[in-house]
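Participant:
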Amino acid sequence: MEYEYHWNIVFDKMPELLNAAFVTLHVSVLSMLVGIIIAVFLALGKMSDVKVFNYLSGTWIEIARNTPALFQIYMAYFGLGAFGIHLSPYFAVLSALIFINAGYLAETFRGGFLSIPKTQYSASKSLGMSKVQVYRYIILPQMFRKIHYPMTNQFVWAILMSSLGILVGMSELSGETQRLQSLSFRTLEFFMVAAVMYYIITKFILISADLIAKKMFKGDI
Amino acid sequence: MGFSLFTPLSWNDSSFILAGILNTVYISVVAIVIGTILGAIVGFIRAESNKYVNMLLGSVLDISRSVPLIIQLILFTTYIGAMGYPLDPFIAGSIVLSIYTMAFMSEVFRAGFESVPPSMITASRSLGMTYWQTVRYVRLPIGIRAVFPSWLGVALSVIKDSALVSVIGYMELLRTSEQLISRTQQPLEILIGVGIFYFIISYPLSLYGKRVERKMAL
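Chains as they are written, first to last, in this note's numbering: chain A, 58 to 278; chain B, -7 to 210.
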């Protein structure tokens, strides 16, 4: 059977699609930023000697890593309703992404931190550095070099997974595409354009993360 | 609070849920098996071919990893529908999920094949092994062993991503639970059950993967 493509309908809706792509970008950036902050605490908790912190952050990390993202989003959107918390689709997706990002990034941070030999810590102490200086000049720069790649991956993952907003009616790129295609039934064209947009966004992020890393680490990654 | 032990769920629903669980397991296994076989082949080709072929193959497979799975599923089903060959959701879902798995697996296996030191290959050739014997007895066993933890990681993520096949109408666990939720209006209880199911599949395997990784690092 022949299928006739009608692209002008899609191009007429381009401003809406671009707006939605911006929402996608902005929910992922926000989920990364908040996720990183929580992940630092989770990683510290997982490494601390206090049993309670250890247990709590361990539970968070394992739940985030071992259940589907869609499950987390359903949990935030439908499940929290049982407690009288009714989140809008935007906040449901955002909080689910924060939850998962924090879990994954905590493991990344912990791995990066543990990969730095303890002897470096003692060595810099013996050179007369204060605790802040040790972290600022010795530990964190090395750690960041090791974790920047997994962090970029996590960012890309957050962008791809924000597409699950389509299932709870959030108007990010996928959800908006779904809404617009239902007006004209040009499903194929709309989703093709959305796919291309996702591809461009992820490639843009990967390339710019690479450039930033090259600039920061002066070539040797 | 809305949490109560009284529920409109009846024992009849257990077979409904069980069918959802089986469907999730079924499609995950199909995708992992097909994806692994294809991924191993593509990974081998990528490890063997020169820089340009490798780059070309890599960038084609990269599309599958840079576009959300949900969009891929919708695009594929709409496309074959528009072409006049509508497929069963299970088959369409397996095809997309297998290709998606293959994209990740090919990277894993490429790393595995490249981790075998060239001197080892030269040594086995000098012992009179043919090219395919080298592949069969030296590169494959050593390469696969090196990447087993990453293979397990990809397999686990496929089990979790199989939840997305629900968008094209496949009755896997999460969609089953969604239908139960819309009937019973008890989202929390049902979702917690679903979460526990995924957790007890995924968590032991991820622990096992970590243990293997630690063993190999020593």
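Positions of the beta carbon are idealized from the N, C-alpha and C atoms, including for glycine. The structure presented is a predicted model; accordingly, all values stated were derived computationally and were not measured.
How would you list, in chain order, the residues of chain B whose beta-carbon sits under 9 Å from the beta-carbon of A:Met89?
Facilitator: In chain order: nothing, as chain B lies at least about 17 Å away.
Participant: For A:His205, count neighbouring C-beta atoms within 10 Å of its own C-beta (all shown protein chains included) and say buried if the count is 16 or more, exposed if not.
Facilitator: buried
Participant: Would a check of beta-carbon distances place A:Pro174 closer than 7 Å to chain B?
Facilitator: False, the Cβ-Cβ gap to chain B never drops below 7 Å.
Participant: So is B:Leu199 buried or exposed if we call it buried at 16+ other beta carbons inside 10 Å?
Facilitator: Looking at its Cβ environment, which holds fewer than 16 other Cβ atoms inside 10 Å, B:Leu199 is exposed.
Participant: Using C-beta distances below 7 Å, list every residue in its chain close to A:Gln177, excluding the 5 sequence neighbours before and after it, in chain order.
Facilitator: Ile195
Participant: Going along the chain, which residues of the stretch 63 to 88 of chain B sit with their C-beta nearer than 8 Å to a C-beta in chain A?
Facilitator: Sequence-ordered contacts of the stretch 63 to 88 of chain B with chain A read Ile63, Gln64, Ile66, Leu67, Thr70, Tyr71, Ala74, Met75, Gly76 [C-beta pairs closer than 8 Å].
Participant: Rounded to whole angstroms, how far is the Cβ of A:Phe148 from the Cβ of B:Ile173, which I believe are closer than 8 Å?
Facilitator: 20 Å between Cβ atoms; not a contact.
Participant: Chain A beta carbons: is any one of them nearer than 7 Å to that of B:Tyr162?
Facilitator: At a cut-off of 7 Å between beta carbons, B:Tyr162 makes no contact with chain A.
Participant: Going by beta-carbon coordinates alone, are A:Thr234 and A:Ala215 separated by less than 7 Å?
Facilitator: no
Participant: Applying the criterion that 16 or more other CB atoms from any shown protein chain within 10 Å of the CB defines a buried residue, is A:Trp64 buried or exposed?
Facilitator: exposed
Participant: Alpha carbons only, please: which of A:Leu127, A:Ile223, A:Phe170 is nearest the one belonging to A:Ala78?
Facilitator: A:Ile223
Participant: Any beta carbon of chain A sitting closer than 7 Å to that of B:Ser194?
Facilitator: yes
Participant: Tell me the DSSP secondary structure of A:Met273 in three-state form.
Facilitator: helix
Participant: Compare the Cα-Cα distances from B:Leu1 to each of B:Leu197, B:Gln178, B:Thr16 and report the closest residue.
Facilitator: Ranking the options by Cα distance to B:Leu1, first place goes to B:Gln178.
Participant: Under a CB-based cut-off of 7 Å, is B:Lys152 close to chain A?
Facilitator: yes
Participant: Please list, in chain order, the chain E residues whose beta carbon lies closer than 9 Å to that of B:Tyr190.
Facilitator: Protein chains in the displayed structure are A and B, and chain E is not among them.
Participant: Near B:Gly161, what residues of its chain come up, given a Cβ to Cβ distance below 6 Å and the 5 sequence neighbours on each side ignored?
Facilitator: Pro81
Participant: Let's test the definition: count the other Cβ atoms within 10 Å of the Cβ of A:Lys108 and tell me whether it reaches 16, buried, or not, exposed.
Facilitator: exposed
Participant: Compile a chain-ordered list of the residues in the stretch 136 to 147 of chain A whose CB is closer than 9 Å to at least one CB of chain B.
Facilitator: Gly136, Leu137, Gly138, Ala139, Phe140, Gly141
Participant: Consider the Cβ of B:Ala155: report whether some Cβ of chain A lies at a distance smaller than 7 Å.
Facilitator: yes
Participant: For A:Asn158, is the classification buried or exposed, using 16 other Cβ atoms within 10 angstroms of its Cβ as the cut-off for buried?
Facilitator: buried
Participant: Just checking: is the beta-carbon of B:Gly187 within a distance shorter than 7 Å of some beta-carbon in chain A?
Facilitator: yes
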